[in-house]
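The working numbering numbers the first residue of the sequence shown as 866 and each following residue consecutively.
Working notes for the structure below.
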Amino acid sequence: MIASLRQAGRIPGMKRFLLARMMFTDGLVTLFAFGGIFAAKVFFFSQTEILIFAIALNVTAGLGAILSGKLTDSFGPSLVMRVSLLSLTGLGIIAMMATDKSVFWAASLILGLFIGPCQSAARVWMAKRVPAEHTASMFGLFAFSGKVTSFIGPLLYGWLVVFTGHERSGMAIVIILLLLGYFMLPPRHNEAS
866 MIASLRQAGR IPGMKRFLLA RMMFTDGLVT LFAFGGIFAA KVFFFSQTEI LIFAIALNVT
926 AGLGAILSGK LTDSFGPSLV MRVSLLSLTG LGIIAMMATD KSVFWAASLI LGLFIGPCQS
986 AARVWMAKRV PAEHTASMFG LFAFSGKVTS FIGPLLYGWL VVFTGHERSG MAIVIILLLL
1046 GYFMLPPRHN EAS
């Protein structure tokens, strides 16, 4: 692990990228963990509606990932991640603040289109920068960065809901984590051709 961290320090932007990924992945983990609970508590979704909601969100995430492939090839993974994170943030705010169930549905399904691109562009970013001889160790760090703090978002979500008594305030942690991930991304001038 120490050797992998040292190697990551030798790759321009890698440590910063892994920290950014840790933040936005924590935001996505929290969204996945509490999206259905939020829908049930705020919009009184039934169990059937929650199941349909989860399936629909996964379908839009998959469609987004497929459609973003050419965009990532054309514009680079950094831009795709940035646009995805800003879109996730904006649509997340709309969904979080929605008072109408149909607005929540629409914002959430459109939001889903940006989940897959963000995740797939992150993998492309890594693949373009990692020397072949360090692929295993760097992708090990990549996986680790997505799991090591995955409890923080849900913990903060729960704490905020208990402290304020409102599900909407808990969902704000998703927005904060996505924005932290956005602002921690390495500058685009580090974009490999």
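Think of the CB as a built atom: it goes at the ideal place given N, C-alpha and C, for glycine as much as any other residue.
Cβ separation of residue i and residue j, assumed to be a contact under 8 Å, to the nearest whole Å
{"i": "residue 982", "j": "residue 929", "result": "5 Å"}
{"i": "residue 1051", "j": "residue 878", "result": "3 Å"}
{"i": "residue 950", "j": "residue 1047", "result": "4 Å"}
Terminal residues of the alpha helix (DSSP H) in which residue i lies
{"i": "residue 964", "result": "Unbroken run through residue 964: none, as it is neither H nor E."}
{"i": "residue 825", "result": "Summary: the structure shown does not reach residue 825, with the chain confined to residues 866 through 1058, and so no result is reported for it."}
{"i": "residue 878", "result": "Run containing residue 878: none; DSSP gives neither H nor E here."}
{"i": "residue 988", "result": "980-994"}
Cβ-based burial, residue i [other Cβ within 10 Å; buried from 16]
{"i": "residue 1024", "result": "exposed"}
{"i": "residue 891", "result": "buried"}
{"i": "residue 1039", "result": "buried"}
{"i": "residue 1053", "result": "exposed"}
{"i": "residue 909", "result": "exposed"}
{"i": "residue 1027", "result": "exposed"}
{"i": "residue 998", "result": "exposed"}
Own chain, CB closer than 6 Å to residue i, minus 5 neighbours either side, in chain order
{"i": "residue 894", "result": "1015, 1018"}
{"i": "residue 986", "result": "937, 942, 945, 946"}
{"i": "residue 991", "result": "1007"}
Sequence-distant residues of the same chain with beta carbon closer than 8 Å to residue i, five excluded per side
{"i": "residue 883", "result": "873, 1006, 1007, 1010"}
{"i": "residue 927", "result": "981"}
{"i": "residue 1041", "result": "892"}
Distance cut-off 7 Å: residue i Cβ against heavy atoms of the ligand PLP
{"i": "residue 988", "result": "Ligands displayed in this structure: none; no statement on the ligand PLP is therefore possible."}
- Message: Going residue by residue through the stretch 998-1043, where are the continuous alpha helix (DSSP H) segments of at least 4 residues, counting only ones entirely within it?
- Response: Residue ranges of uninterrupted alpha helix (DSSP H) with 4 or more members, entirely inside the stretch 998-1043 and ordered along the chain, are 1000-1010, 1017-1029.
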